[in-house]
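Here the structure comes first, spelled out in structure tokens, and everything after it is commentary.
2 protein chains.
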Amino acid sequence: MKWEGRRRRALLKLKEDIESGKVDNDILWLLNIINSRKEYYTTSSCSGRIQVAVTELPGEKGVMRVIAKWHHPIKVSYLLLVLDSCTEENIWFAVHPPIIHVMCRDVDSAIKLLKIVRDNGFKHSGIQGVTPDRVAIEVAASDKIEAPLRLRGNEIVPRDRLGFLVEAANRVLLRGKRRLELLGEAFSKL
Amino acid sequence: MKWEGRRRRALLKLKEDIESGKVDNDILWLLNIINSRKEYYTTSSCSGRIQVAVTELPGEKGVMRVIAKWHHPIKVSYLLLVLDSCTEENIWFAVHPPIIHVMCRDVDSAIKLLKIVRDNGFKHSGIQGVTPDRVAIEVAASDKIEAPLRLRGNEIVPRDRLGFLVEAANRVLLRGKRRLELLGEAFSKL
Chain A
1 MKWEGRRRRA LLKLKEDIES GKVDNDILWL LNIINSRKEY YTTSSCSGRI
51 QVAVTELPGE KGVMRVIAKW HHPIKVSYLL LVLDSCTEEN IWFAVHPPII
101 HVMCRDVDSA IKLLKIVRDN GFKHSGIQGV TPDRVAIEVA ASDKIEAPLR
151 LRGNEIVPRD RLGFLVEAAN RVLLRGKRRL ELLGEAFSKL
Chain B
191 MKWEGRRRRA LLKLKEDIES GKVDNDILWL LNIINSRKEY YTTSSCSGRI
241 QVAVTELPGE KGVMRVIAKW HHPIKVSYLL LVLDSCTEEN IWFAVHPPII
291 HVMCRDVDSA IKLLKIVRDN GFKHSGIQGV TPDRVAIEVA ASDKIEAPLR
341 LRGNEIVPRD RLGFLVEAAN RVLLRGKRRL ELLGEAFSKL
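For the record, the sequence lines run as chains A and B. Quick note: the first sequence uses the numbering used here, first residue 1, plus one each step. Quick note: the second sequence uses the numbering used here, first residue 191, plus one each step.
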């Protein structure tokens, strides 16, 4: 399929995802700005999230099981609820930065996008794949926390200290979301 | 300066860094493999590390101050020594994955390198910049921990639980270092 056909199909899929509530409002407006340009289309995104996962070690894709996630700041009570209802031995807490996957028509349009996003705080962005008919970019910030809550059945962060962790997590999450706004402004100025 | 000149200069700088002990032995052999190819040269690298930093939130480049780092597995006693000698209010503990910055002669050679590294566990790799005379790639794995040890003056991980954190950190560090070996094997097969 040609670029235009793939792009049309991706935008249709996005429309369906929006209608079924799968796309976070915090990032939808930015996806719309990127998708308004004929040389780009977005394939997936996350506006940044706080999550709790069952896994022995972080980064074990395919093994780890996410048991709670939020795209907004949380309260300690949310975490306590998850901890109390989970009997697993190993639980990790994470903040993930905003991420957008963008397809670009060619290397030139990819370089242009890459420069904008890297200049606006998305320092973990890069071209991940190049084929003759498209260039895939991951737009990602580096705002991250990856901390154990329970290891081998032992609480690593005592309950009366969870408030400090949650406060830091909320701040890191919101810092990531602010980067989305800055990126949107930079796009608008183009 | 032309590609050959820049490459020669970078390899000379690497040689000096090796002689002054600035390059980690865990990664030097792999740098040598990459640098043996005329279409690539490495500009910086880290074989993965465990570090302790003074910062309110992680990811505050230019603000955070690293107070201890190790390129090998650590013991709890190392952490206690750092914690006892540091009176700062906010301390974060991290494991960083192996990272290599590679310059490639052109987009084609960059795509080739990118495919090898991404197929061999370095999932956070990407092309970060493209100019007419070189393409910059960051080769990075995603093995990461970023956890608070002290926030607003409060211990977040009690001392009798640090052993669990250190065990997880050592395992994540060594998992990253094993990826370097797999990558080296893949290169050798080329």
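All C-beta atoms in this analysis are idealised placements derived from N, C-alpha and C, irrespective of residue type, glycine included.
In chain A, which residues lie with their C-beta within 8 Å of the C-beta of ILE346(B)? VAL157, ARG161, PHE164, LEU165
Mind checking whether VAL347(B) and VAL157(A) have CB atoms under 8 Å apart? yes
With a threshold of 8 Å between beta-carbons, can GLY211(B) be considered close to chain A, or not? no
What are the residues that DSSP puts in a beta bridge with GLU328(B)? Paired residues: HIS291(B), GLY316(B).
Distance between SER275(B) and HIS101(A) (C-alpha atoms, nearest Å): It is roughly 44 Å from the alpha-carbon of HIS101(A) to the alpha-carbon of SER275(B).
Among ARG197(B), ILE289(B), LEU204(B), whose alpha-carbon lies nearest the alpha-carbon of LYS367(B)? ILE289(B)
To which residues of the same chain is PRO148(A) closer than 6 Å at the C-beta, ignoring the five residues directly before and after it? Answer for PRO148(A): TRP92, ILE156, listed in chain order.
Alpha helix (DSSP H) containing ARG199(B): first to last residue? 193 to 209
Whether SER126(A) touches GLY316(B) by CB criterion (8 Å): The question names Ser, yet the displayed sequence has Gly at residue 126(A). Closer than 8 Å, so yes.
In this structure, how does DSSP classify ILE116(A) when only helix, strand and coil are distinguished? helix
Closer than 9 Å by beta-carbon distance: list the chain B residues that pair up with ASP26(A), in chain order. Result: empty, since nearest Cβ-Cβ is about 19 Å, beyond 9 Å.
Distance between LEU180(A) and LYS61(A) (C-alpha atoms, nearest Å): 26 Å
Cβ distance (whole Å) where SER378(B) is taken to contact ILE223(B) below 8 Å: 7 Å
Test: ASP143(A) CB closer than 8 Å to a CB of chain B: yes
For the pair the segment 33 to 44 of chain A and the segment 302 to 318 of chain B, tell me if three or more CB-CB distances fall below 8 Å. no
Local Cβ density within 10 Å of GLU7(A), reported as buried at 16 or more and exposed below that: Here residue 7(A) is Arg; the residue named in the question, Glu, does not match the sequence. Buried is the call here.
When the Cα of SER45(A) is compared with those of PRO58(A), VAL52(A), ASP26(A), which residue comes out closest? ASP26(A)
Helix, strand or coil at GLU235(B) [DSSP, three-state]: Looking at the sequence itself, residue 235(B) is Ser, so the reference to Glu does not match. Correct three-state label for SER235(B): strand.
Across which residues does DSSP place ASN154(A) in a beta bridge pair? LEU151(A)
Taking only the alpha-carbon atoms, compute the straight-line gap between ASP24(A) and GLU185(A) and give it to the nearest angstrom. 19 Å
Where ILE67(A) falls: helix, strand or coil (DSSP): strand
Using a Cβ-Cβ distance under 8 Å, would PRO73(A) count as near chain B? no
Classify LEU190(A) as buried or exposed, calling it buried when 16 or more other Cβ atoms lie within 10 Å of its own Cβ. exposed
Looking at the unbroken beta strand (DSSP E) that takes in ILE217(B), where does it start and where does it end? No beta strand (DSSP E) contains ILE217(B), which is instead part of the alpha helix (DSSP H) from 215 to 225.
Leaving out the 5 sequence neighbours to the left and right, which residues in its chain are closer than 7 Å to GLU138(A) when beta-carbon positions are compared? ILE99, HIS101, SER125, GLY126, GLN128
Within 10 angstroms of the Cβ of ILE103(A), are there 16 or more other Cβ atoms? Answer buried if so, exposed if not. According to the sequence shown, residue 103(A) is Met rather than Ile. Its Cβ being crowded by 16 or more others within 10 Å, MET103(A) is buried.
Three-way DSSP call (helix, strand, coil) for ILE301(B) in this model: helix
GLU336(B) - DSSP class collapsed to helix/strand/coil: strand
Supposed contact pair PRO97(A) and ASP133(A) - C-beta distance, whole angstroms, cut 8 Å: The Cβ separation is near 29 Å, so there is no contact.
Determine the extent of the beta strand (DSSP E) in which ILE264(B) is found, giving its start and end residues. Here ILE264(B) belongs to no beta strand (DSSP E), and DSSP marks it neither H nor E.
Spatially closest choice to ASN159(B) from THR277(B), LEU202(B), LYS205(B), VAL253(B), by CA coordinates: Residue 159(B) cannot be examined here, being either before or after the span of chain B that is shown, 191 to 380.
Closest to VAL130(A) by C-alpha separation, out of ASP108(A), GLU146(A), ILE50(A), LYS75(A), would be which residue? ASP108(A)
Does any residue of chain B bring its CB to less than 8 Å from the CB of GLY121(A)? no
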